[in-house]
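*Asks:* Dropping a structure here in structure tokens format, bear with me for questions.
2 protein chains.
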Amino acid sequence: MLELAILGFLHERPLHGYDLRGRVAALTGHVRPIADGTLYPAIKRMEAKGWLERKTQPGSAAAPRHMLHLRPAGEQELLRRLREPEELDVSDENRWFVLLAFLRHLRDPEAQAGVLRRRLAFLELPSSFFYEDGRPVRAENVDDPFRQGLLTIARATSEAELHWLRTTLTDLGG
Amino acid sequence: MLELAILGFLHERPLHGYDLRGRVAALTGHVRPIADGTLYPAIKRMEAKGWLERKTQPGSAAAPRHMLHLRPAGEQELLRRLREPEELDVSDENRWFVLLAFLRHLRDPEAQAGVLRRRLAFLELPSSFFYEDGRPVRAENVDDPFRQGLLTIARATSEAELHWLRTTLTDLGG
DNA sequence: CCGTGATACCTCGGAGCCGATATATATTGC
DNA sequence: GCAATATATATCGGCTCCGAGGTATCACGG
């Protein structure tokens, strides 16, 4: 998730780590900002894979800045991840949101529509039930008010997204 | 997250690992079911902490079942986690959903209301903006349609939950 | 002059989870 | 009779992430 965000931001312009830190936090919005112990190792990892290049700029600020540039292999990786995402999965909304935030980098509208269609397929999948007091209970028949709330919220989310997906797909000519 | 679910389920009745596996998957609904390599180590961990006790039942099924019983320390841990949750954080919806699914185990309505109030406080926090082409842009002024979609979905979710929280708090007499 | 906070980077240990792999029996369908 | 599927448990390596800690410099207010 973090790697996708880094690739996306660096596709727009070279940045240094501390700047990335703020942008990633802003991107994920309310989400807890990523820790330094997450960010800097990620940068190192991605450098080692040849996706990033570091160009040190002395002076300017308090500490020396290591400007990070996206290398061609990094751009390829970004486009690959946007095209063939493993982040469509409903299990982690944040992953999908980060993907969505950078989907425009996939210039081709048809490719973009393809991603949305695959997300749609995931969302249109079943179906929920609970185990209440040991027996499976259909969502409609759930007794507990807190679980009813859970379902209400989940449904509202899913409906909002389905609606958006369908209208956007129409706009894209999909 | 998994630990909370296990504690919650075992608070209802003793279960064996394979059963838990199915229930956790059903609980989180559409979410990718947890891997065996996640579940069984978690059980071991929780046993070691004294929260769980294993009672082997030979015979019945194909393989011998290890029935898991919640020990008093486990119940205390469950109630503690429900009362003083670290899962209110908006960053991981699943954590919050799992908490909600077991909030009824905290019998006291005032304690339940307290949890909802704290969640409310998190949701009512700011405020989102993006970095678009290098500059911070307020959510209202975001240009990219995919990011607009992201905001639409996030807002719908948050509004649905806020509405539910407020009406439920009224019901609870909070 | 000193403390605080922002800027800027880094490392280490540990937690939690995943995928792959292994093992073995019972049931169901062909 | 045999293959697939369900039941049931477990381990291993690897990955991402977090929290805590460490190192500097610079700007600003008291």
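From first to last, the protein sequence lines stand for chains L and S.
For our numbering, count along the first sequence from 1 and bump the result up by 850.
For our numbering, count along the second sequence from 1 and bump the result up by 850.
In this text, a Cβ means the ideal position worked out from N, Cα and C, and glycines have one as well.
Run the CB neighbour count on glutamine 962 (chain L), radius 10 Å, all protein chains shown included, and call it buried at 16 or more, exposed below.
*Replies:* It is buried - the Cβ of glutamine 962 (chain L) has at least 16 other Cβ atoms within 10 Å.
*Asks:* Is threonine 1007 (chain S) close to chain L, meaning its C-beta is less than 8 Å from at least one C-beta of that chain?
*Replies:* For threonine 1007 (chain S), the answer is yes, since a Cβ of chain L falls inside 8 Å of its Cβ.
*Asks:* Taking C-beta pairs closer than 8 Å, name the residues in chain L that leucine 877 (chain S) reaches, listed in chain order.
*Replies:* Here the neighbours are Phe980 and Tyr981.
*Asks:* Report the rounded CA-to-CA distance for alanine 875 (chain L) versus histidine 955 (chain L), giving the unit in angstroms.
*Replies:* Approximately 20 Å between the Cα atoms of the pair.
*Asks:* What's the call for histidine 1013 (chain S), buried or exposed, on a 16-neighbour Cβ count within 10 Å?
*Replies:* Classification for histidine 1013 (chain S): exposed.
*Asks:* DSSP beta-bridge partners for glutamine 907 (chain L)?
*Replies:* Per DSSP, L:Arg915.
*Asks:* Please tell me whether alanine 1006 (chain S) and alanine 1010 (chain L) are closer than 8 Å, where the distance is taken between their beta carbons.
*Replies:* Contact flag set, yes.
*Asks:* Between which two residues does the alpha helix (DSSP H) containing valine 874 (chain L) stretch?
*Replies:* Its alpha helix (DSSP H) spans residues 867 to 877.
*Asks:* Less than 8 Å separating the beta-carbons of leucine 860 (chain L) and leucine 920 (chain L)?
*Replies:* It is a contact, given that the beta carbons lie within the stated cut-off.
*Asks:* Against arginine 954 (chain S), what residues of chain L qualify as contacts under a CB-to-CB distance less than 7 Å, listed in chain order?
*Replies:* Going along chain L in sequence order, the residues near arginine 954 (chain S) (Cβ under 7 Å) are Asp994 and Phe996.
*Asks:* For methionine 917 (chain L), which option in L:Phe996, L:Tyr890 and L:Arg931 has the closest C-alpha, if you only look at C-alpha atoms?
*Replies:* The shortest C-alpha separation from methionine 917 (chain L) is found at L:Tyr890.
*Asks:* I need the straight-line Cα distance from alanine 885 (chain L) to tyrosine 868 (chain L), nearest angstrom please.
*Replies:* When rounded, the distance between both Cα atoms is 11 Å.
*Asks:* When DSSP labels each residue in this structure, what does proline 935 (chain S) get in the three-state scheme?
*Replies:* Proline 935 (chain S): coil per DSSP, three-state reduction.
*Asks:* Nearest to phenylalanine 980 (chain S) by alpha carbon, out of S:Glu974, S:Arg988 and S:Leu973?
*Replies:* Nearest of S:Glu974, S:Arg988 and S:Leu973 to phenylalanine 980 (chain S), Cα basis: S:Arg988.
*Asks:* Would you decide whether phenylalanine 972 (chain S) is buried or exposed? Buried here means 16 or more other CB atoms lie within 10 Å of its CB.
*Replies:* Classification for phenylalanine 972 (chain S): exposed.
*Asks:* Starting from valine 987 (chain L), follow its DSSP beta bridges and name the residues at the other end.
*Replies:* In the DSSP output, where bridge partners are listed per residue, valine 987 (chain L) has L:Phe980.
*Asks:* Hey, does proline 959 (chain S) have any beta-carbon neighbour from chain L nearer than 8 Å?
*Replies:* False, the Cβ-Cβ gap to chain L never drops below 8 Å.
*Asks:* If you check the beta carbons only, do leucine 949 (chain L) and leucine 932 (chain L) fall under 8 Å apart?
*Replies:* Yes, the pair counts as a contact, with Cβ atoms nearer than the cut-off.
*Asks:* What residue range does the alpha helix (DSSP H) around aspartate 886 (chain S) cover?
*Replies:* Residues 886 to 898.
*Asks:* Applying the 10 Å Cβ sphere with the 16-neighbour rule, what's the burial state of arginine 1016 (chain S)?
*Replies:* Exposed.
*Asks:* Starting from the C-beta of glutamate 1025 (chain L), find all residues in its chain whose C-beta is less than 7 Å away, skip the five residues before and the five after it, and write them out in chain order.
*Replies:* Here chain L comprises residues numbered 851 to 1024, so residue 1025 (chain L) is not present and cannot be evaluated.
*Asks:* Taking the continuous alpha helix (DSSP H) assigned at glycine 999 (chain S), which residues delimit it?
*Replies:* That run of the alpha helix (DSSP H) goes 995 to 1021.
*Asks:* Output needed for leucine 852 (chain L): all residues of its chain with C-beta closer than 8 Å, excluding positions within five of it in sequence on either side, in chain order.
*Replies:* Contacts found: Val874, Ile884, Thr888, Leu889 and Ala892.
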